[in-house]
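**Q** Note that the numbering used here has the sequence shown beginning at 95, numbered continuously upward. Quick reminder that beta carbons are idealized off the backbone N, C-alpha and C, glycines included. Structure below; questions to follow.
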Amino acid sequence: ETLRTVDAIASEDTRKTGRLLKHFDIQKQQIAFHEHNEYRAGQKLIAMLEAGQSIALVTNAGTPGISDPGFTLVRRALEADIEVTVIPGPTALIMALVMSGLPVHSFTFRGFAPRKSGQRRNFMAIDADSPHTLIFYESPHRVKGFLADALAVFGDRSAALASELTKLHEQMQRASLSELVARFEENNALRGEYTIVIAGKGSKV
């Protein structure tokens, strides 16, 4: 209903959003809005909003602004006294956290870690002594290295690894970090984005 009523749609990928619009027979102007053009496209979108138009922001998967484009646009809109609202939807970090079986009362979301192992370990070390459950995103190409680095930095803690959430091949693996490392050493058929949930220091699970 929102996509039908707004004046325009800001899309992370106009082709993917286009397929969604076609499925529901919605014809709307799309404006590309992604990490490579956030500033320039953001200026155009803010000008449209200030002129009284309404705009929906759509990302490829998950919630805009959470490891996806959107934060800068929301901030600029609020600075311009433009009303912003959110349509609730699935967010991988919350789904994985709840499904993990690890403590949910207090957690830290860290998004994507750096690509290189040394930088990644330094990034993880910031939270090595945190008692809170930790949540990370990772690509299928780097998840093996991520798990090995997590084991080295955090020790052999309880963890959960989710992939393809809300999709046909949704999967959740719950094990110690060492067990997950061993499993992935034998598995080369990796697919989809991963959400990794790791117990905080001293967590009794």
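How long is the line joining the alpha carbons of Val178 and Glu144, rounded to whole angstroms?
**A** 13 Å
**Q** Between which two residues does the beta strand (DSSP E) carrying Phe118 extend?
**A** Looking at the DSSP string, Phe118 is not in any beta strand (DSSP E), and its letter there is neither H nor E.
**Q** Using only the heavy atoms of the ligand ADP, determine whether one of them is closer than 7 Å to the beta carbon of Ala242.
**A** Of ligands this structure carries none, so the ligand ADP is not represented either.
**Q** Output yes or no for whether 8 Å exceeds the beta carbon distance between Ser257 and Tyr288.
**A** yes
**Q** Measuring CA to CA, which of Asp101, Arg134, Ala293 is closest to Leu167?
**A** Arg134
**Q** Whose C-beta lies closer than 8 Å to the C-beta of Ser270 among residues of the same chain, with five residues either side of it excluded?
**A** Asp250, Arg251, Ser252, Ala253
**Q** Excluding the 5 residues preceding and the 5 following Thr96 in the sequence, name in chain order all residues of the same chain whose CB lies nearer than 8 Å to its CB.
**A** Ala150, Ile181
**Q** Within the same chain, show all residues whose beta-carbon is closer than 8 Å to that of Ile176, passing over the 5 residues directly before and after it, in chain order.
**A** Ile140, Leu143, Glu144
**Q** Could you check which residue in Lys295, Asp243, Leu245, Arg236 has the C-alpha nearest to that of Arg285?
**A** Arg236
**Q** Is the distance from the Cβ of Arg209 to the Cβ of Ile229 below 8 Å?
**A** no
**Q** Count the other CB atoms, across all protein chains shown, that sit within 10 Å of the CB of Val192; report buried if there are 16 or more and exposed otherwise.
**A** Exposed.
**Q** Since Ala256 sits in a beta bridge, which residues does DSSP pair it with?
**A** Met266, Thr289
**Q** Contact between the region 258-268 and the region 237-245 is defined here as three or more beta-carbon pairs at a separation below 8 Å; is this criterion met?
**A** no
**Q** Could you check what DSSP says for Ile188 in three-state terms: helix, strand or coil?
**A** helix
**Q** In or out: Leu115 buried (at least 16 other Cβ within 10 Å) or exposed?
**A** buried
**Q** Nearest to Pro234 by CA position, among Ser105, Ile290, Lys295, is which residue?
**A** Of Ser105, Ile290, Lys295, the smallest CA-CA separation from Pro234 is found for Ile290.
**Q** Under the three-state reduction of DSSP, which class applies to Val198: helix, strand or coil?
**A** Here Val198 sits in coil by DSSP.
**Q** Have a look at the DSSP bridge pairing and note the partners of Ser105.
**A** Ala126, Val152
**Q** Let me know if Arg109 comes out buried or exposed under the rule of 16 or more other beta-carbons within 10 Å of its beta-carbon.
**A** exposed
**Q** Would the region 153-171 and the region 211-229 be scored as touching if the rule is three or more Cβ pairs under 8 Å?
**A** no
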